[in-house]
Amino acid sequence: MAAPASAPSCPFPSWRQPDPPPWAPESCDPHNGRAPTAGFPATPRESHDGRRGFGGPRRGAPTAVRAAGARRRVRAGRLRRAGPGVRRRRGSQRRRDGTEPSHMHYALDENFFRGYEWWLMKEAKKRNPNIILMGLPWSFPGWIGKGFNWPYVNLQLTAYYIMTWIVGAKHYHDLDIDYIGIWNERSFDINYIKVLRRMLNYQGLDRVKIIASDNLWEPISASMLLDSELLKVIDVIGTIAWNLVASYYEQLPYGRCGLMTAQEPWSGHYVVESPIWVSAHTTQFTQPGWYYLKTVGHLEKGGSYVALTDGLGNLTIIVETMSHKQSACIRPFLPYFNVSRQFATFVLKGSFSEIPELQVWYTKLGKPSERYLFKQLDSLWLLDSSSTFTLELQEDEIFTLTTLTVGSKGSYPLPPKSEPFPQIYEDDFDVDYPFFSEAPNFADQTGVFEYFTNIEDPGEHRFTLRQVLNQRPITWAADAYNTISIIGDYKWSNLTVRCDVYIETPEKGGVFIAGRVNKGGILIRSARGIFFWIFANGTYRVTGDLAGWVIYALGRVDVTAKKWYTLTLIIKGRLSSGMLNGKTVWKNIPVSFPKNGWAAIGTHSFEFAQFDNFHVEATR
1 MAAPASAPSC PFPSWRQPDP PPWAPESCDP HNGRAPTAGF PATPRESHDG RRGFGGPRRG
61 APTAVRAAGA RRRVRAGRLR RAGPGVRRRR GSQRRRDGTE PSHMHYALDE NFFRGYEWWL
121 MKEAKKRNPN IILMGLPWSF PGWIGKGFNW PYVNLQLTAY YIMTWIVGAK HYHDLDIDYI
181 GIWNERSFDI NYIKVLRRML NYQGLDRVKI IASDNLWEPI SASMLLDSEL LKVIDVIGTI
241 AWNLVASYYE QLPYGRCGLM TAQEPWSGHY VVESPIWVSA HTTQFTQPGW YYLKTVGHLE
301 KGGSYVALTD GLGNLTIIVE TMSHKQSACI RPFLPYFNVS RQFATFVLKG SFSEIPELQV
361 WYTKLGKPSE RYLFKQLDSL WLLDSSSTFT LELQEDEIFT LTTLTVGSKG SYPLPPKSEP
421 FPQIYEDDFD VDYPFFSEAP NFADQTGVFE YFTNIEDPGE HRFTLRQVLN QRPITWAADA
481 YNTISIIGDY KWSNLTVRCD VYIETPEKGG VFIAGRVNKG GILIRSARGI FFWIFANGTY
541 RVTGDLAGWV IYALGRVDVT AKKWYTLTLI IKGRLSSGML NGKTVWKNIP VSFPKNGWAA
601 IGTHSFEFAQ FDNFHVEATR
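Using full-length UniProt numbering, read the sequence shown as starting at 1 and increasing by one per residue.
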């Protein structure tokens, strides 16, 4: 850190003052306002500590991906300027907002076309060939645990599972995975990390780097210092970041916690949120392989500054004064802090002192009437300033000062108007060659529901939606013991749900349809609603929760496995009724809670079952 400058004249360069924001103080005494002074010394090679990059995961349920192709392209194009990024992979299991399918549901199963992540990565590469691709298991298929809820029972088997995904990405999609993680926000195993490195090297994947452990800096950093082999095999210490696109039902946990929001595939509506431009302050002016300088720190009256270099003479400085109120999405949650008006003086030293000009980009957060998002200001000339400049900083501001001239805010067409989920919706799942393996608008919360071709049924139910997991995965959160996929408008109150169902498991198998489902994501285990179940043993049940603890009615019906049935659930006001093949099974059961929620389908356990001709008609 350099000493404060003591020049009698203003070191701030002579340039047009933008309006807004106010930049320089009336008095340029660096001690006025107790301005901190930051120095960026030495040459680029001497100035970095090896820390790299800036990226964001793709977290979120697969709800809003399947819009029309043009709309998908428009939304993907918004992320082009996000620059360096990472993409995360899940097993067929729960994460915060739903599940996504694994490439290996079972030990002898390999399918590298499930889900939409392959499409997402290829679209990202089209827009930015330099984008970084990362894989991170959220959890693992149950067969890996050998009966235990733990992925480290057989280290070779778990490493093999990860390796096949990396190889498949290249073989089937020509995608090179750059980094691989260990287990999202969960325990790491030192021996597993070493086994994974050896497995990757043995398969010729030496270039794939390992990130560990996607949680906090500790205890992995301490373990690395105590274990020289572990230190050698881990390339990056990873921590959490929010999803790039919030493309899942908003009432799921962490709704709208993304750089942009695209949660209405039925309308094509999307919102480019302010975080995407905040991220652009870094990502547009760096590339993979840039390094953070050691001279980074906190500002005296709140805020922080960082600087990055490519080692070739380019420099990017980012200064932020975000208030506690504007930092609500940061995890772990921050204790209260205060930000106030201040002046900060920066001194460029070493080879950076020869920089003649810095491009300036500015963001002002806060009230919409006062907001400026990623606005380019006049250049900052340094030739006559002894490589010193001073910024006046107000609350909720972000500045980028950079040698790069590539910045561009760009533009995009006006998004389609926001619309509620259709009040009448149906799907017969008659898709011979699906673009995705999941059905549109369904958001799997546990289990995996995939398009299925029923080769033994050439008739009405040749194409169906099938729940395909027959073993509970290694859970990441407090997972449900049932499978469930939600759909619709969370505000729905009065609704009729109808669906053809097919139980595949004799005696113990069961399926349900539901309405007013009030929870999802990591809270799915405690979801309430009205659930209409039928079982292969010839019984039915009506419950007020997914777990089956709140029982409204039960009895016997003419039901067995390996036959198709039509279930109908009618909820109106405080009463509900159910029908089997058009005949009333139970009627006018009082239901006072919850008052609204999604429609849903699912199974009694992790078992094979099929669904067809889904229909919902609802009012709020």
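A virtual CB, placed ideally from N, CA and C, is assigned to each residue, including glycine.
- With fewer than three CB-CB distances shorter than 8 Å, the segment 573–581 does not count as touching the segment 459–470.
- Excluding sequence positions up to five before and after R556, its CB lies within less than 7 Å of the CB of G538 and T539, all in the same chain and listed in chain order.
- G142 and K294 have their C-alpha atoms spaced approximately 44 Å apart.
- For T295, there is no enclosing beta strand (DSSP E), as DSSP gives it neither H nor E.
- Using a Cβ distance threshold of 8 Å, N184 and L136 count as a contacting pair.
- If you ignore the 5 residues before and after L230, its C-beta comes within less than 8 Å of the C-beta of I190, I193, K194, S223 and M224, all in its own chain and listed in chain order.
- Counting of Cβ neighbours within 10 angstroms places F333 among the exposed residues, the total staying below 16.
- Ranking V511, K563 and W564 by CA distance to the CA of L546 puts V511 first.
- Using a 10 angstroms sphere on the CB of F435, the tally of other CB atoms stays under 16, which defines it as exposed.
- Beta-bridge annotation (DSSP): R498 is paired with T568 and H615.
- In the displayed model, Q445 falls within a strand according to three-state DSSP.
- Ranking I220, G268, Y372 and T603 by CA distance to the CA of F535 puts T603 first.
- For V559, the closest alpha carbon among the candidates V542, V501 and D384 is that of V501.
- Put simply, of N470, F452, I486 and R207 the residue whose alpha carbon is nearest the alpha carbon of F421 is I486.
- For the pair of segments examined, the segment 503–521 was found not to touch the segment 167–177: the number of CB pairs separated by less than 8 Å stays below three.
- The beta carbon of F112 sits closer than 6 Å to the beta carbons of H103, G168 and Y172 from its chain, once the five residues preceding and following it are set aside; these are given in chain order.
- For K375, the uninterrupted beta strand (DSSP E) run begins and ends at Y372 to W381, by DSSP.
- Every alpha helix (DSSP H) of 4 residues or more that sits fully in the segment 123–204 is shown, in chain order, as 142–145, 155–173 and 190–202.
- If the five residues before and after D428 are omitted, its C-beta is found closer than 6 Å to the C-beta atoms of N613, all from its own chain and listed in chain order.
- Scanning its chain for C-beta atoms nearer than 7 Å, with the 5 sequence neighbours on each side dropped, one finds around L216 the residues T239, in chain order.
- Beta-bridge partners assigned by DSSP to E357: W381.
- Annotation for H281: the continuous alpha helix (DSSP H) segment containing it runs S274 to T283.
- Counting along the chain, no alpha helix (DSSP H) covers M322, and no H or E run does either.
- Counting the other CB atoms within 10 Å of its CB gives F593 a total below 16, which places it among the exposed residues.
- Using a Cβ-Cβ distance cut-off of 8 Å, the segment 435–444 and the segment 373–391 are not in contact, since fewer than three pairs of beta carbons, one from each stretch, lie closer than that value.
- Under a 10 Å Cβ-count criterion, A262 is classified as buried, with 16 or more other Cβ atoms of the shown protein chains found around its own Cβ.
- Of the residues assessed, L358 falls on the buried side of the cut-off, its CB having 16 or more other CB atoms within 10 angstroms.
- In the same chain as N338, and ignoring 5 residues on each side of it, the C-beta atoms closer than 7 Å to its own belong to G302, in chain order.
- T400 has its alpha-carbon roughly 19 Å from the corresponding atom of S340.
- With respect to A212, I182 sits close: the two C-beta atoms are nearer than 8 Å.
- Counted as a single uninterrupted DSSP element, the beta strand (DSSP E) harbouring M260 occupies residues G258 to E264.
- Taking the Cα of A241 as reference, the smallest distance to any Cα among I484, G488, L259 and E456 is reached at L259.
- S221 sits in a helix when the DSSP states are folded into three classes.
- With a threshold of 16 other beta carbon atoms within 10 Å, R541 meets it and is buried.
- Inclusion of T446 and T99 in the CB contact set at 8 Å is warranted, their separation being smaller than that value.
- Cβ-Cβ separation between I513 and I601: approximately 6 Å, consistent with a contact (criterion under 8 Å).
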